[in-house]
Amino acid sequence: TVMDTRTATAELGWISFPANGWEEVSGYDENLNTIRTYQVCNVFEPSQNNWLLTTYIDRRAAQRIYVEIRFTVRDCASIPSVLGSCKETFNLYYLETDRTVSESIKGVDTIAADESFSQVDFGGRLMKVNTEVRSFGPLSKGKGFHLAFQDLGACMSLLAVRVFYKKCPSIVQNFAYFPETLTGAESTSLVIARGSCIPNAEEVDVPIKLYCNGDGEWMVPIGSCSCKAGYEPDNGNVCRACPQGTFKSSQGAGLCQQCPLNSRSTIEAATLCGCRNGYYRGDMDKPEDICTSVPSAPRNVVSVVNQTSVQLEWHPPRETGHRGDLSYNVLCRRCHSNERRACQPCDDSVAFVPGKRGLKETRVEISKLRAHTSYTFDIQVGMLANLLTPNGIILDYEIRYYDKSSLLNSSVVQSETPNVVLEGLRPGTGYVVQVRARTVAGYGAYSKEMLFQTLTDDEYKSELGQQLSLIAGSLVGGVCIVSLVAIAIICSRPDMFSGPTPTVTFPTLSEGHSSPGVKIYIDPFTYEDPNEAVREFAKEIDPSCVKIEEVIGSGEFGEVYKGRLKPVGKKEIPVAIKTLKVGYSERQRRDFLSEASIMGQFDQPNIIRLEGVVTKSRPTMIITEFMENGALDSFLRQNDGQFPVIQLVGMLRGIASGMRYLAEMSYVHRDLAARNILVNSNLVCKVSDFGLSRYLEEDTSDPTYTSSLGGKIPVRWTAPEAIAYRKFTSASDVWSYGIVTWEVMSYGERPYWDMSNQDVINAIEQDFRLPAPMDCPVVLHQLMLDCWQKDRNARPKFPDIVSMLDKMIRNPASLKAGTNNVAPGPSHHPLLDRGAPDLSRVSSVEDWLAALKMTQYRDSFLGSGFTSLPLVTQITAEDLQRIGVSLAGHQKKILTSVQSMRHHADDQSPTESV
């Protein structure tokens with residue numbers, strides 16, 4: 001409605017001409033409501049031509065207008081002595097204009113009354129009200145119009161005038177949203193409205209459109225959307241996120257399903273339920289299939305030797321891991337002695353019937369073996385290559401090399417570390433080197449052949465001491481691990497020098513690096529034009545390839561989104577998208593893009609990968625790989641106590657590997673913390689957050705960072721020399737790594753609890769160090785203490801840390817010995833009075849659970865009758881299972897606390913028990 005006089009109480013102010021024509025008066029409608037009317041009744045005068053012009057009416061982009069008129073007309077026959085000019089009709093006109101009256105007035109219709117009145121009673125005339133609706137259009141010459149009423153000699157009253165247009169309302173249909181749409185210029189027009197999928201829905205058929213007809217009704221739907229994976233239809237036109245514990249793997253009308261056996265989803269809108277610890281899915285398994293465990297070993301292997309052939313038979317494993325598609329691999333090794341380490345993989349001449357991989361039957365015949373030779377055969381069962389994660393642990397390396405002029409005489413050396421020195425090589429000779437790695441799945445394939453040339457005698461003498469980095473890559477088959485090993489090749493001959501043979505140790509390049517030589521990080525702030533650094537190290541992405549889906553966080557410079565990247569000719573992948581907020585300064589843009597300039601220089605599996613940037617359109621974006629489980633600290637808090645220690649060590653190993661790579665690139669992170677480690681769906685940890693702005697800005701809104709001369713410092717994670725003297729080095733990163741290790745082993749606990757930053761600084765100066773978290777192996781706490789050495793030169797280097805963690809993983813028994821079973825707390829140290837809460841002071845079950853950060857069990861405890869602390873001290877492991885505390889880590893934390901409260905109660909008892 002654009003005008004309605006039915007509700008008007010003040011003067012309408014319309015223009016009448018001549019002055020003795022239409023007259024505005026107050027009156028009453030048939031319901032005796034006060035109204036403003038216009039009346040005219042000059043029937044006793046000849047040649048009437050009375051005009052009434054409304055005020056300006058804005059048409060609001062409508063092309064067709066409707067006018068509803070309520071009026072009364074006196075029957076000419078009921079008027080005595082009236083002249084022959086009496087009328088019972090009037091004319092309606094409209095005038096298009098932009099608030100300026102023009103001459104292009106157009107007639108709409110001559111309107112006649114359906115009923116006129118003539119009766120008279122004691123209260124006056126009995127009115128008979130007429131209602132007529134007329135429409136006109138198309139309107140296009142102005143933003144609005146006037147209406148005009150022409151009287152040619154009637155006795156009538158205009159009781160009300162309502163002016164309106166028609167539209168189709170906004171609507172959600174077939175999971176697509178259609179905006180409010182005006183009808184067309186003609187009553188028979190159809191106006192096309194384009195639809196867009198509602199949140200969390202995706203197109204099924206395109207184009208998506210509806211037609212709006214002249215009556216404001218939607219019709220002829222074309223195309224549709226449906227709820228995308230992770231969302232189910234709710235109430236017909238809403239896509240609701242699947243709650244935790246459920247999933248929906250594909251787009252469509254299906255509903256969320258409960259997670260299959262041995263799997264779980266800890267987030268909303270899950271498209272897949274991740275397998276629980278110790279359970280896996282194969283590559284060909286569907287999302288709705290249960291997760292299965294690794295089968296036990298094959299049994300009762302029997303061998304029958306026939307000259308240079310052997311027939312192997314075995315029984316299936318006793319435990320199949322709930323899988324019905326078991327297959328077997330047969331690994332063959334030729335041995336020179338009884339020692340297993342002296343065995344080498346069989347060459348390609350050995351024949352296997354029906355094959356050596358993916359066997360369905362429990363038998364195989366092996367022929368073309370060498371006579372009088374010992375062989376060892378290993379039989380693998382299951383889908384082992386699919387079950388190992390990308391962080392599968394490398395047990396050792398095998399390096400094969402030979403003189404390129406003598407292809408038949410190769411030498412092999414073994415190494416437990418990713419670097420080796422090859423000695424005894426001839427000077428001035430070309431050597432071919434290949435590397436392969438061994439995991440629990442066996443050896444992978446050899447890397448491609450790489451040719452290296454040793455120095456001549458003269459070159460060796462002149463360049464002795466100069467370091468060379470020669471890289472050989474190793475692709476480990478079956479476990480999807482890429483390992484690059486630095487091979488240091490030297491030329492040494494005993495007859496060249498008197499005394500010991502000199503050796504040269506060459507720098508080692510971390511896993512994942514693909515270029516020969518050691519690459520050094522280049523600070524983008526050294527570029528005169530920072531945009532040049534972005535162009536050099538970051539790939540520009542066409543914004544049409546980027547699809548933003550949802551907000552997942554807020555960064556230093558703007559929002560962070562989850563989205564999809566579809567490069568031309570490549571597969572679409574999920575990505576994280578950092579955006580630069582509107583109204584940024586040039587300095588903010590430089591600082592924002594500096595993170596991309598830094599990230600773009602790194603290429604390592606445990607460093608977050610930069611996909612590219614968008615700088616040539618708005619908004620400016622940094623696009624990285626998407627890490628499904630988010631920040632490590634919050635991920636650990638959400639999964640408190642749910643991982644075995646060796647898995648936590650594996651995560652720490654990944655972080656250390658990434659930091660080793662950065663250290664070798666001469667890059668100092670400065671802000672290594674669990675909040676800046678991201679975790680993907682395979683629990684691979686990757687170092688992130690390479691922005692330097694927090695060290696340049698003086699914003700004090702974040703208490704994690706304390707302003708200091710020259711920038712801001714995350715005190716709880718920072719080495720003392722960096723706090724005091726701004727001395728940031730890889731050694732200060734090692735200190736921070738120790739804090740990260742403490743965060744991981746305490747499942748995301750805040751370092752130093754509730755102490756103030758100044759108290760933390762004072763405590764460290766007085767040689768206080770964080771105690772071991774509950775159940776933390778002694779070797780890991782000792783690693784933390786080594787990282788927290790006051791003398792930075794005494795701290796281990798990142799390559800040392802990686803080596804230590806590898807030894808722990810190879811020897812899991814070391815992680816079980818001497819664990820710390822005391823709950824962490826600061827009460828034993830006078831500097832930590834503001835630390836973790838003293839459980840002996842809590843006064844209720846609610847307070848106690850809050851102190852343990854387990855308020856999620858409040859209703860379970862109270863509902864099961866444990867309503868007071870004395871009752872809680874009697875709780876057992878069976879009680880915890882019964883009330884729903886099923887996680888082993890949570891059970892242990894609660895029972896340890898209960899035991900502590902019992903001891904406290906015994907200490908406070910005034911008399912001995914009888």
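Quick note on numbering: full-length UniProt numbering labels position 598 of the sequence shown as 598, and the sequence is numbered without any gaps.
The beta-carbon is built from N, C-alpha and C at its ideal position, and this holds for glycine as well.
- request: Count the other CB atoms, across all protein chains shown, that sit within 10 Å of the CB of M17; report buried if there are 16 or more and exposed otherwise.
  value: The sequence shown places Phe at residue 17, not Met. Exposed, by the Cβ-count rule.
task: Report yes or no: is there a C-beta of chain C within less than 7 Å of the C-beta of F178?
output: Looking at the structure shown, chain C is missing, and only one protein chain is on hand.
- prompt: So, using beta-carbon positions, are C259 and S265 closer together than 7 Å?
  reply: yes
task: Could you pull out every residue in the same chain whose Cβ sits closer than 6 Å to the Cβ of V645, ignoring the five residues on either side in sequence?
output: L815
Straight-line gap, S633 to E743 (C-alpha atoms, nearest Å): Ser is not the amino acid found at residue 633; the sequence shown has Asp there. Between D633 and E743, the C-alpha separation is close to 7 Å.
query: For the candidate residues A813, A763, L52 and I761, whose alpha-carbon lies nearest to that of P777?
result: A813
task: Check E743 in the structure and name its three-state DSSP category.
output: helix
- request: Could you tell me if I15 is buried or exposed, where buried requires 16 or more neighbouring beta carbons within 10 angstroms of its beta carbon?
  value: exposed
message: Let me check one thing: in DSSP terms, what residues is E625 bridge-paired to?
response: V575
task: Below 6 Å CB to CB, which residues in the same chain sit around Y446 once its five sequence neighbours on both sides are set aside?
output: Q434 and R436
task: Could you tell me the distance, in whole angstroms, from the CA atom of residue 920 to the CA atom of E540?
output: The question about residue 920 has no answer, for the chain in this structure spans 1 to 914.
query: From what residue to what residue does the beta strand (DSSP E) around P221 run?
result: W218 to C227
- prompt: Shortest alpha-carbon distance to R609 belongs to which of E595, R618 and P619?
  reply: E595
task: Go ahead and label Y661 buried or exposed: buried means 16 or more other beta carbons lie within 10 angstroms of its beta carbon, across all protein chains shown.
output: buried
- prompt: So, using beta-carbon positions, are S154 and K87 closer together than 7 Å?
  reply: Reading off the sequence, residue 154 comes out as Ala, not Ser. Yes, the pair counts as a contact, with Cβ atoms nearer than the cut-off.
- request: With distances taken Cα to Cα, identify the nearest neighbour of S309 among A241, K368 and F44.
  value: K368
- request: Measure how close the beta-carbons of V381 and P298 come, nearest whole angstrom, since I'm counting them as under 8 Å.
  value: 5 Å
query: Where does S736 land, buried or exposed, given buried means 16+ other C-beta within 10 angstroms?
result: buried
message: Could you give the first and the last residue of the continuous alpha helix (DSSP H) run that contains L869?
response: L869 to V872
- prompt: Should M219 go down as buried or exposed, given a rule of 16 or more other Cβ atoms within 10 Å for buried?
  reply: exposed
- request: Give the single residue among S681, Q150, G236 and F164 whose Cα lies nearest to the Cα of G21.
  value: Q150
- request: Could you tell me the distance, in whole angstroms, from the CA atom of V120 to the CA atom of D75?
  value: Because V120 sits at a pLDDT of 46, beneath the cut-off of 50, its placement in the model cannot be relied upon, and the following sentence gives the value as read from the coordinates. So the two alpha carbons sit approximately 12 Å from each other.
field: Within 7 Å, strictly: CB atoms of Q642 and L887
entry: yes
- prompt: Taking C-beta to C-beta, are P94 and F145 nearer than 7 Å?
  reply: In the sequence as displayed, the identity of residue 94 is Tyr instead of Pro. Cβ atoms of Y94 and F145: closer than 7 Å.
- prompt: What number of angstroms, rounded off, separates the C-alpha of E664 from the C-alpha of R589?
  reply: 29 Å
message: Give me the residue from G428, R162 and G214 with the minimum Cα distance to S405.
response: G428
message: Are the CB atoms of R769 and L785 within a distance shorter than 7 Å?
response: yes
query: Is W22 helix, strand or coil when you go by DSSP?
result: coil
task: Run through the region 520-576 for me and flag every whole alpha helix (DSSP H) of 4 or more residues, listed as ranges in chain order.
output: 530-537
task: Please name the residue, chosen from L636, E24, M156 and E878, that lies closest to T9 on a Cα-to-Cα basis.
output: E24
message: On the criterion of 16 or more Cβ atoms from any shown chain inside 10 Å, does K571 qualify as buried, or is it exposed?
response: exposed
query: Under a three-way DSSP split, which group does S730 fall into?
result: helix
Beta-carbon proximity of S249 to P287, cut-off 7 Å: yes
task: Please name the residue or residues paired with V238 in a DSSP beta bridge.
output: D234
task: Rounded to whole angstroms, what's the CA-CA distance from K807 to M659? Just pull it up for me.
output: 18 Å
- request: Let me know the secondary structure DSSP gives T181 once reduced to three states.
  value: strand
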